[in-house]
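Single-structure report; data block below.
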Amino acid sequence: MTVKEIVDQLEVLAPPALAESWDNPGLLVGRWNREVSRVYVALDATKSAIESAIACRAQMLITHHPMIFSPVKQVNDSHFITRRILTLAEEHMSYYAMHTNYDVAVMGDLAADMLKLKDPQVLEVTVPKGKFENDRPLGIGAWGCLEKPVDLETLASNVKRTFEIPAVKIFGDLDRMVSRVALCPGSGKHMTEYAIEKNCDVLITGDIDHHQGIDAIQQGIAIIDAGHHGIEHIFIDQVAGFLKERFPDLEVEKEANRSPFIVI
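Under this note's numbering, read the sequence shown as residues 348 to 611, first letter to last.
Encoded structure:
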């Protein structure tokens with residue numbers, strides 16, 4: 348199969364038109380007609396991810412976060428980003444990223460389902476119903492209700508267990524009972540207002556700083572900060588499974604779920 352055949356299916360899963368205007372998903376390096384028998388799926392196109400893809404003899408790398416956001420005027424070995432681009436090109440490896448289009452199409456629903464939220468709805472609508480013939484609003488994150496109320500500490504432990512996270516940061520009273528939950532994988536710095544609008548008891552997300560956390564408490568909502576990587580890594584297993592389903596003969600290798608930092 349070719350890169351284009353694989354991309355065509357990935358873009359059925361997460362159409363590029365759903366991406367935010369500032370984003371840069373798509374085929375970032377490589378040839379459309381490149382023959383592919385093995386792919387490597389990772390969260391980021393880090394040096395180690397690229398090395399792992401090369402080591403397993405993959406012809407295509409697929410990540411969630413795009414490696415290239417800003418315009419690149421020179422591709423040489425003097426910058427850490429362009430060094431990676433050179434490596435991919437020298438290895439004849441195609442590189443595809445699916446970012447906010449995946450967030451809108453898949454990520455919120457997937458995370459809500461894993462956390463067993465009832466009747467999940469979109470947290471921040473970015474695509475109104477019918478804009479792209481979609482039969483419901485689409486957007487970033489999700490909100491819904493737990494099967495039964497639990498205290499904040501119990502929910503935090505469930506988040507750690509469900510998403511295989513070693514630690515989370517909590518803003519709020521551990522004994523507070525919570526039922527209505529907002530969820531935004533990745534960075535949710537701007538999502539508190541949407542969670543409050545939905546009368547949620549708690550927002551589960553990442554990248555919340557000190558002031559955002561204490562301000563949330565003052566507005567009556569608790570925060571469980573699972574980190575940027577903490578929930579978004581579910582992209583890897585979902586996309587790998589999707590590819591195996593669509594292309595049974597395709598060999599799919601996956602990056603291990605490793606946090607990019609260590610807490611001691």
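Even glycine gets a Cβ: it sits at the ideal position worked out from N, Cα and C.
{"Query": "Within the segment 582 to 608, ranges of the beta strand (DSSP E) (whole runs, at least 3 residues)", "Result": "598 to 601"}
{"Query": "H557 to I570 span [Cα, whole Å]", "Result": "11 Å"}
{"Query": "Exposure label - V610; buried when at least 16 CB within 10 Å", "Result": "exposed"}
{"Query": "Candidates T410, I397, A402, of which the one nearest A361 by Cα", "Result": "T410"}
{"Query": "Per-residue DSSP class, three states only, for D466", "Result": "strand"}
{"Query": "At least 3 beta-carbon pairs within less than 8 Å: the segment 426 to 434 vs the segment 446 to 465", "Result": "no"}
{"Query": "Beta-bridge partners of D572, as assigned by DSSP", "Result": "K516, T552"}
{"Query": "Cβ-Cβ separation, R381 to S441 (assumed contact under 8 Å), whole Å", "Result": "5 Å"}
{"Query": "Three-state secondary structure assigned by DSSP to P496", "Result": "strand"}
{"Query": "Straight-line gap, D522 to G560 (C-alpha atoms, nearest Å)", "Result": "17 Å"}
{"Query": "Helix, strand or coil at I487 according to DSSP, with G and I counted as helix", "Result": "strand"}
{"Query": "Helix, strand or coil at K415 [DSSP, three-state]", "Result": "The amino acid occupying residue 415 in the given sequence is Ile; Lys does not appear at that position. Coil, per DSSP."}
{"Query": "Paired residues, beta bridge with V376 - DSSP", "Result": "Y442"}
{"Query": "Three-state class that DSSP yields for E382 in the structure shown", "Result": "strand"}
{"Query": "Residue nearest to C531 in terms of C-alpha spacing, selected from V506, Q566, M524", "Result": "V506"}
{"Query": "Local conformation of M407 per DSSP, three classes", "Result": "strand"}
{"Query": "Nonlocal neighbours in the same chain, by C-beta distance under 8 Å from D554, ignoring five residues either side", "Result": "G533, S534, G535, K536, D572, G574, H575"}
{"Query": "Between the CA atoms of Q565 and H412 - distance to the nearest angstrom", "Result": "33 Å"}
{"Query": "Buried or exposed (CB count within 10 angstroms, at least 16 for buried), A612", "Result": "With the chain running from 348 to 611 in the structure shown, residue 612 is simply not present."}
{"Query": "Host beta strand (DSSP E) of L435 (start-end)", "Result": "Run containing L435: none in the beta strand (DSSP E); it sits in the alpha helix (DSSP H), 427 to 437."}
{"Query": "Spatial distance of V451 from A366 (CA atoms)", "Result": "7 Å"}
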